[in-house]
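Numbering (the working numbering), first residue to last: 46 to 360.
Backbone N, C-alpha and C fix where the C-beta goes; we use that ideal spot for every residue, glycine too.
Below is one structure; the comments refer to it alone.
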Amino acid sequence: MKKLSETAYSEVRTWIYRNARPLELALWQFDFENGSPERVADMLRFYQNEDGGFGNGVEPDSWNPESSPYATMIVAGMLRGIGLAKQGQPMLEDIFRFLESGVHTSERGWHFGIPSNDRYPRAPWWCYSEELNAVQDMGITAALCALILRYGSGHTALYERACGYVDRILEQVASRENFGEMGAGALGILVQDIEAAGLTGRFECGRVKELLPGLINRTIERNVEKWAEYTPRPSEFIESPESGYYPGNEEVVEAELDYLIDTRNPGGVWNITWTWFDLSEVYPKEFAVSENWWMASKAIEKMRFLRAFGRIEGI
Numbered sequence: 046m047k048k049l050s051e052t053a054y055s056e057v058r059t060w061i062y063r064n065a066r067p068l069e070l071a072l073w074q075f076d077f078e079n080g081s082p083e084r085v086a087d088m089l090r091f092y093q094n095e096d097g098g099f100g101n102g103v104e105p106d107s108w109n110p111e112s113s114p115y116a117t118m119i120v121a122g123m124l125r126g127i128g129l130a131k132q133g134q135p136m137l138e139d140i141f142r143f144l145e146s147g148v149h150t151s152e153r154g155w156h157f158g159i160p161s162n163d164r165y166p167r168a169p170w171w172c173y174s175e176e177l178n179a180v181q182d183m184g185i186t187a188a189l190c191a192l193i194l195r196y197g198s199g200h201t202a203l204y205e206r207a208c209g210y211v212d213r214i215l216e217q218v219a220s221r222e223n224f225g226e227m228g229a230g231a232l233g234i235l236v237q238d239i240e241a242a243g244l245t246g247r248f249e250c251g252r253v254k255e256l257l258p259g260l261i262n263r264t265i266e267r268n269v270e271k272w273a274e275y276t277p278r279p280s281e282f283i284e285s286p287e288s289g290y291y292p293g294n295e296e297v298v299e300a301e302l303d304y305l306i307d308t309r310n311p312g313g314v315w316n317i318t319w320t321w322f323d324l325s326e327v328y329p330k331e332f333a334v335s336e337n338w339w340m341a342s343k344a345i346e347k348m349r350f351l352r353a354f355g356r357i358e359g360i
């Protein structure tokens, strides 16, 4: 079995210290050096706005300073990852305040893209598009509703709104064909949080639970030759051997673990698998900065994945 060597681990660590933003450095320290979760939260505050939401380039492909549902969802995921997603936690309460404002919402839920994106450096998928929102809103809404049902107060207008959105999502699952880029993963989180919150009597998730394994298995790209492109790999859905989606996917997970060990840049980390396409020419300097930010973020994700499957020597 291939393993990332101790020397390679040291090279990744050095690259992170030399290149990462303070936010990703704090995440690295939390994950691999017994760092403080509060340090990560301190770094996140620099991306937070007075309305409680997040923007300001916390998502490296969108440099819009305005708070957006997507950027706020990303931060909520970070709070989960560092163990600070708890009822009453101040930053989480700020997030709920932003979501309760109702900005950037419709009957579908919270929007993927927002109009002001177009005024700032961005990847092309962050150009505002109502058509794109119609596809991608489900994933963001499912993830944010999961957060609200799990950690929010059950006696607020926001909670009731989330319940309505979840009812709509669950009704659509059986007949919907395109779940967007985040839909499958977000539905899995939603079901888990409904169960964790003891809400299975309120929401019927049986049909979704039946459909999810097949949906995720169809979403995973199994052709290793395509992994150099932007495509969903197993690690997007399977974080560890304890994942409910790991059984039946052992072979493709092992293939990705080997692939990661083989494709790391000598002395550094991994390349990202996307560009800003034509907008890279409009914003060449900004894309170069974004690329470096992403390389740090994705390196941490890959190292977590390798560690979870025992593929790093000495860890």
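Asked                                                                                                                                                                         : Found
So isoleucine 214 and tyrosine 204 are supposed to be a Cβ contact under 8 Å. How far apart are they, rounded?                                                                : Wrong, their Cβ atoms sit about 16 Å apart, outside the cutoff.
To which residues of the same chain is serine 288 closer than 8 Å at the C-beta, ignoring the five residues directly before and after it?                                     : Phe282
Pull up the distance between the alpha-carbon of serine 161 and that of tyrosine 173, whole angstroms please.                                                                 : 8 Å
Can you tell me whether DSSP reads arginine 278 as helix, strand or coil?                                                                                                     : coil
Could you give the distance in angstroms between the alpha-carbon of threonine 142 and the alpha-carbon of threonine 117?                                                     : Before going further, note that residue 142 is arginine rather than threonine in the sequence given. The alpha-carbon atoms of arginine 142 and threonine 117 are separated by roughly 11 Å.
Report yes or no: do the region 304-314 and the region 52-62 share at least 3 C-beta pairs separated by less than 8 Å?                                                        : yes
Consult DSSP for glutamine 74 and reduce its assignment to one of helix, strand or coil.                                                                                      : helix
Quick check on the burial criterion: 16 or more other C-beta atoms within 10 angstroms. Buried or exposed for isoleucine 357?                                                 : buried
Write down every uninterrupted run of the alpha helix (DSSP H) in the region 152-211 whose length is 4 residues or greater and which is fully enclosed by it, in chain order. : 175-196
Would glycine 154 and tyrosine 115 be called neighbours here (beta carbons separated by less than 8 Å)?                                                                       : no
State the Cα-Cα distance for the pair arginine 263 and valine 253, rounded to the nearest angstrom.                                                                           : 15 Å
Beta carbon of aspartate 382, beta carbon of histidine 156: below 8 Å?                                                                                                        : It is not possible to answer for residue 382, since the shown part of the chain is limited to 46 through 360.
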